[in-house]
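Protein chains in written order, with the numbering used here: chain A, 1052 to 1465; chain B, 1052 to 1465.
For glycine and all other residues, C-beta sits at the position ideal for the given N, C-alpha and C.
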């Protein structure tokens, strides 16, 4: 069988996904498998066992991430890695992250069964605590691997009960000796569900992920003067609510300034003290700006800083505007992105380029290895919810693109 | 001394206000004298004792309101009443309500000292639970008196600890045998602080209150679709926040539609679930419309019902709009209002007509007796706050207008 004709075993991949769906299952069909919980321990053990069955050796780094290595022809090359994460949100679905790990295993199993051996060693990675649901921040282990976070600081992060990552790693026996980041990788490919509605709406099978958009988060407080709703003439009011509502619409306009690329979201918005017959003293709200390009994010932030002060002043209000976090845009390695695009084309799958709207371990991996991602659509774009759903055919298509992207990259770097 | 030359004793009135300020005093200079609390019991006892000293007899009705009656020339006439309330908000000031009761007492004391006897019996009323801070609704006892509320329903109202009005009336010994509303009154005059900034800003001593504006309260819920702030294109969003912000501005425009008379306030406004990186599913907010004329309130409500649905539709959202309460505008009795205006004029006080923005016991009293109110300015328009403040001169001016309005009405109906 020529390499081009190889296909993953969609039945087996699906059976692994469905097995995973039993470990930490919630009554509503979702998963609650928080990082380093007993359920996480159980799925990690399953992962290790599967890897061993396929001839791999599994190591843990000091953050507990699992690195399963399968021999290639030339053992001196850095391995060609696939992966994602097996932890979930507390009200998580069955596919977010899990698909990327299981599909990596499936690629290894498929090549093993077909007797095809890559030049590079293959590696399948399960990153610890991608979700950030139990320990902040999200993607902490890939972040440590890539040097974005300090290892000891990360190990000291606590869950809501005060238990540290270090404590929980030791408890479930997941702490390894390897210092994160000391492994060199030839490349990193991550298959993931889109977690948005774009591919489904466009009738696509595959998203060729060219990068991850940048984000900037702001906290905004508009302060006026609380007063009696019945006795205070409009001209004497300093109405924080009217001021903030005008700001919200302006922020909506900034979000629409680069159609199809810029995004603005006000997820939190609250008037205080929140009495029906009192003009609000303060309104506090959040702003989330996203764009694939940093220069555009600069423009959006500039527009925000220009537009808001007059809207405070018009209502006699004070404005406090603080950028509290940012994540710069990521562009994936053209060679890896091309490998994904060519794989989707050769497989005859409907595909389009897409920029990831959400963060993934690949964001940090792109700092230390040629990286790309593959998206498959998910039903209604819904994620982080028990109803998160993909079909077996979608999982299989994603697995096949992962397989052939890896084979393409391996052949190109032979 | 001619009746026209009589003046209240401002020192005595102030000393009574300052005594009241010690009963339920808070460390920040305010009062916490919730209805039917031990502090309320104490000030009620003080009130009864003062009335007895002035030759009055005090009865309680079944709602615990205190009616102190002082003999006039013709004991067969219904009494000419003054009053307000001695209960406060939990973070209340020293004058809201209290001024109206103490000034009523001062009018009686002044006439007594001057040897002037009115044709009508005089009555000073302390209404139970005007504030509504401990038991809902506000103005419950005057409302029962006027037939707006059922007595037994009102007695069954509970505070936050589950204690009923009936229970607390019995506990402090304030329940009387008289069925509320069986007393006929010749007229009712209520002196009150403005609780707004209009008189102070206009440099006035006295507000001649011609009525109370009407209010309508609405609950509004805008429902869209929660989705990921990073992965959902603007065109696929049903953003409840953007929709509701547009509505808030439109409501602001409706509030400004009749300058100086119409008011609109959004006191509560909250985006849910309130996550920074999730487009809100729902926004819930309140609307408070006020206007002195019912026809204008109808127009404002109509404008609301016309303007909001398209703003929901534009964003793919559903709208739930419910009018949850209304209080129709009240016009006070022209004869009583004239008596107040003439009193202010004759006393050489700067005065202007004003419509009350807040509710008062006089709202209900106007249903069953010729009624008017007198406002004095309060510092910065601040009320329901420990910093609520008036000067002795302002209290005295209000007391003198109350005195001469009562004398004028008494003479006109002799």
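Fill in: Contact residues within the stretch 1296-1324 of chain B, judged by C-beta distance below 7 Å to chain A
So the close ones are 1296, 1297, 1299, 1300, 1303, 1306, 1307, 1311, 1314, 1316, 1317, 1318, 1319, 1320, 1321 and 1322.
Original post:
Do you know offhand how far residue 1259 of chain B's Cα is from residue 1425 of chain B's?
Top reply: Numbered from its first residue, the second chain carries residue 1259 of chain B at position 208. Numbered from its first residue, the second chain carries residue 1425 of chain B at position 374. In this structure, the straight-line span from the alpha carbon of residue 1259 of chain B to that of residue 1425 of chain B is close to 5 Å.
My assumption, with CB atoms under 8 Å, is that residue 1143 of chain A sits in contact with residue 1081 of chain A. Please give the rounded CB distance. Locating residue 1143 of chain A in the first chain gives position 92, where the first residue counts as 1. Locating residue 1081 of chain A in the first chain gives position 30, where the first residue counts as 1. For a cut-off of 8 Å, the C-beta gap from residue 1143 of chain A to residue 1081 of chain A is around 6 Å, short enough to register as a contact.
ask   = Exposed or buried, residue 1318 of chain B, counting other C-beta atoms within 10 Å across all chains shown (16 or more means buried)?
value = Taking the second chain and counting its residues from 1, the one referred to as residue 1318 of chain B is at position 267. So residue 1318 of chain B ends up on the buried side.
For the beta strand (DSSP E) containing residue 1117 of chain A, name the first residue and the last one. As a first step, residue 1117 of chain A is located in the first chain; it is residue number 66 there, counting from the start. Here the beta strand (DSSP E) through residue 1117 of chain A covers 1117-1121.
**Message:** Is residue 1404 of chain A close to chain E? Criterion is C-beta to C-beta, closer than 8 Å.
**Reply:** Among the protein chains of the structure shown, namely A and B, there is no chain E.
query = Going by other Cβ atoms of all chains shown within 10 Å of its Cβ, with 16 needed for buried, is residue 1090 of chain A buried or exposed?
reply = Taking the first chain and counting its residues from 1, the one referred to as residue 1090 of chain A is at position 39. Result: buried.
Q.
8 Å is my cut-off, CB to CB: does residue 1339 of chain A come that close to chain B?
A. Along the first chain, one-based indexing puts residue 1339 of chain A at 288. Yes, residue 1339 of chain A lies at the interface with chain B (some Cβ there is under 8 Å from its Cβ).
task: Report the neighbours of residue 1362 of chain A on chain B: residues whose CB is nearer than 9 Å to its CB, in chain order.
output: The sequence position of residue 1362 of chain A within the first chain is 311, counting from 1. Ordered by position in chain B, no residue passes the 9 Å Cβ test against residue 1362 of chain A, which lies about 11 Å from the chain.
| request: Tell me whether the beta-carbon of residue 1363 of chain B lies closer than 8 Å to the beta-carbon of residue 1294 of chain B. | output: Residue 1363 of chain B sits at position 312 when you count from the first residue of the second chain. Residue 1294 of chain B sits at position 243 when you count from the first residue of the second chain. Yes, they are a contact pair.
Item to check | For residue 1231 of chain B, the nearest candidate out of B:1176, B:1283, B:1448 and B:1281 (CA to CA) | outcome: Residue mapping note: residue 1231 of chain B aligns to position 180 of the second chain, counting from 1. Minimum Cα distance to residue 1231 of chain B is reached at B:1176.
Identify the contact partners of residue 1327 of chain B in chain A, using a Cβ-Cβ distance below 7 Å as the criterion. What you label residue 1327 of chain B is simply residue 276 of the second chain in a count that begins at 1. Think of a sphere of 7 Å around the beta carbon of residue 1327 of chain B: the chain A residues whose beta carbon falls inside it are 1268, 1318, 1319, 1337 and 1339, in chain order.
*Partner residues on chain B for residue 1292 of chain A, Cβ-Cβ distance less than 7 Å*: Counted from its first residue, the first chain places residue 1292 of chain A at position 241. For residue 1292 of chain A, the C-beta contacts it makes with chain B under 7 Å involve 1299, 1317 and 1320, in order along the chain.
Classify residue 1349 of chain B as helix, strand or coil using the three-state DSSP reduction. Start at 1 with the first residue of the second chain, and residue 1349 of chain B comes out as number 298. It is helical.
To which residues of the same chain is residue 1024 of chain B closer than 7 Å at the C-beta, ignoring the five residues directly before and after it?
The structure shown does not extend to residue 1024 of chain B, since chain B is modelled only from 1052 through 1465, so no value can be given for it.
Straight-line gap, residue 1123 of chain B to residue 1173 of chain B (C-alpha atoms, nearest Å)
As a first step, residue 1123 of chain B is located in the second chain; it is residue number 72 there, counting from the start. As a first step, residue 1173 of chain B is located in the second chain; it is residue number 122 there, counting from the start. For residue 1123 of chain B and residue 1173 of chain B, the gap between their C-alpha atoms comes out near 7 Å.
Notebook entry, point to check: Under 8 Å, do residue 1196 of chain A and residue 1415 of chain A count as touching if we go by C-beta distance?
Noted result: By one-based count along the first chain, residue 1196 of chain A stands at place 145. By one-based count along the first chain, residue 1415 of chain A stands at place 364. Contact: yes.
Self-check item: residue 1375 of chain A burial status per 10 Å Cβ neighbour count (16 or more: buried)
Solution: If you number the first chain from 1, residue 1375 of chain A lands on position 324. Exposed, because fewer than 16 other Cβ atoms sit within 10 Å of the Cβ of residue 1375 of chain A.
#### Entry: Sequence-distant residues of its chain with Cβ nearer than 8 Å to residue 1405 of chain B (five each side left out)
Locating residue 1405 of chain B in the second chain gives position 354, where the first residue counts as 1. The beta carbon of residue 1405 of chain B sits closer than 8 Å to those of 1245, 1249, 1250, 1258, 1259, 1260, 1261 and 1426, all from its chain and outside the five residues before and after it, given in chain order.
- Could you list the residues in the stretch 1241-1275 of chain B with a C-beta less than 8 Å from some C-beta on chain A, going in chain order? Going along the stretch 1241-1275 of chain B in chain order, one finds 1245, 1246, 1247, 1248, 1249, 1252, 1264, 1266 and 1268 with a Cβ nearer than 8 Å to chain A.
Item to complete: Please classify residue 1201 of chain A: is it buried, with 16 or more other beta-carbons within 10 angstroms of its beta-carbon, or exposed?
Response: To locate residue 1201 of chain A, count along the first chain from 1; it is residue 150. It is exposed - the Cβ of residue 1201 of chain A has fewer than 16 other Cβ atoms within 10 Å.
Notebook entry, point to check: Where are the beta strand (DSSP E) runs, 3 residues long or more, that stay fully inside the stretch 1386-1448 of chain B, in chain order?
Noted result: Fully enclosed beta strand (DSSP E) runs of 3 or longer: 1402-1407 and 1422-1427.
Flag residue 1432 of chain B as yes if its beta-carbon sits less than 8 Å from any beta-carbon of chain A, otherwise no. In the second chain, residue 1432 of chain B corresponds to position 381, counting from 1. It does: the Cβ of residue 1432 of chain B has a partner Cβ on chain A nearer than 8 Å.
Using 10 angstroms around the beta-carbon of residue 1392 of chain A, count the other beta-carbons present and answer buried if the total reaches 16, otherwise exposed. Taking the first residue of the first chain as 1, we reach residue 1392 of chain A at position 341. By the 10 Å Cβ count, residue 1392 of chain A comes out buried.
Chain-ordered chain B contacts of residue 1287 of chain A [CB-CB under 9 Å]: The count along the first chain starts at 1 and reaches residue 1287 of chain A at position 236. Within chain B, the residues near residue 1287 of chain A are 1247, 1248, 1249, 1252 and 1432.
For the stretch 1318-1332 of chain A and the stretch 1366-1374 of chain A, state whether three or more C-beta atom pairs, one from each stretch, are separated by less than 8 Å.
Fewer than three Cβ pairs drawn from the stretch 1318-1332 of chain A and the stretch 1366-1374 of chain A lie within less than 8 Å of each other, which leaves the two stretches out of contact.
task = Keeping to the same chain, check which residues put their C-beta closer than 6 Å to that of residue 1450 of chain A; ignore five residues upstream and five downstream.
result = On the first chain, residue 1450 of chain A is found 399 positions in, with the first residue counted as 1. Only residues of its own chain outside the window of five on either side were considered, and among them 1059, 1064, 1154 and 1157 have a CB closer than 6 Å to the CB of residue 1450 of chain A, listed in chain order.
What is the residue span of the alpha helix (DSSP H) that residue 1094 of chain A lies within?
-> Against the first chain, residue 1094 of chain A aligns to sequence position 43. In the DSSP assignment, residue 1094 of chain A falls within the unbroken alpha helix (DSSP H) covering 1089-1104.
Query raised in the report: In chain order, what residues of the same chain lie with their CB nearer than 7 Å to the CB of residue 1215 of chain A, ignoring the 5 residues before and after it?
Result: Within the first chain, numbered from 1, the residue matching residue 1215 of chain A stands at position 164. A distance below 7 Å between beta-carbons, with the five flanking residues on each side excluded, links residue 1215 of chain A to the following residues of its chain, in chain order: 1206, 1207, 1208 and 1209.
For residue 1400 of chain A, which residues of its own chain have a beta-carbon under 6 Å away from its beta-carbon, when the five flanking residues on both sides are left out? Start at 1 with the first residue of the first chain, and residue 1400 of chain A comes out as number 349. Non-local beta-carbon contacts of residue 1400 of chain A in its own chain, meaning distances under 6 Å to residues more than five positions away in sequence, involve 1256, 1257 and 1448 in chain order.
Task: Cα-Cα separation, residue 1320 of chain B to residue 1331 of chain B - done: Stepping through the second chain from its first residue, residue 1320 of chain B is reached at position 269. Stepping through the second chain from its first residue, residue 1331 of chain B is reached at position 280. Between residue 1320 of chain B and residue 1331 of chain B, the C-alpha separation is close to 12 Å.
Worksheet item: Taking the alpha-carbon positions, what's the residue 1361 of chain B to residue 1264 of chain B distance?
Response: On the second chain, position 310 is the one that residue 1361 of chain B refers to. On the second chain, position 213 is the one that residue 1264 of chain B refers to. Spanning the alpha carbons of residue 1361 of chain B and residue 1264 of chain B requires a straight line of approximately 30 Å.
With DSSP as the reference, please indicate the residues paired to residue 1276 of chain A in a beta bridge.
To locate residue 1276 of chain A, count along the first chain from 1; it is residue 225. DSSP lists A:1289 as partners of residue 1276 of chain A.
Can you give the beta carbon distance from residue 1383 of chain A to residue 1423 of chain A, rounded, assuming they're within the 8 Å contact cut? The sequence position of residue 1383 of chain A within the first chain is 332, counting from 1. The sequence position of residue 1423 of chain A within the first chain is 372, counting from 1. Their Cβ separation, rounded to whole angstroms, is 5 Å, which keeps residue 1383 of chain A and residue 1423 of chain A in contact under 8 Å.
message: Counting only C-beta atoms, is residue 1279 of chain B closer than 8 Å to chain A at any point?
response: Within the second chain, numbered from 1, the residue matching residue 1279 of chain B stands at position 228. True, the Cβ-Cβ gap to chain A drops below 8 Å.
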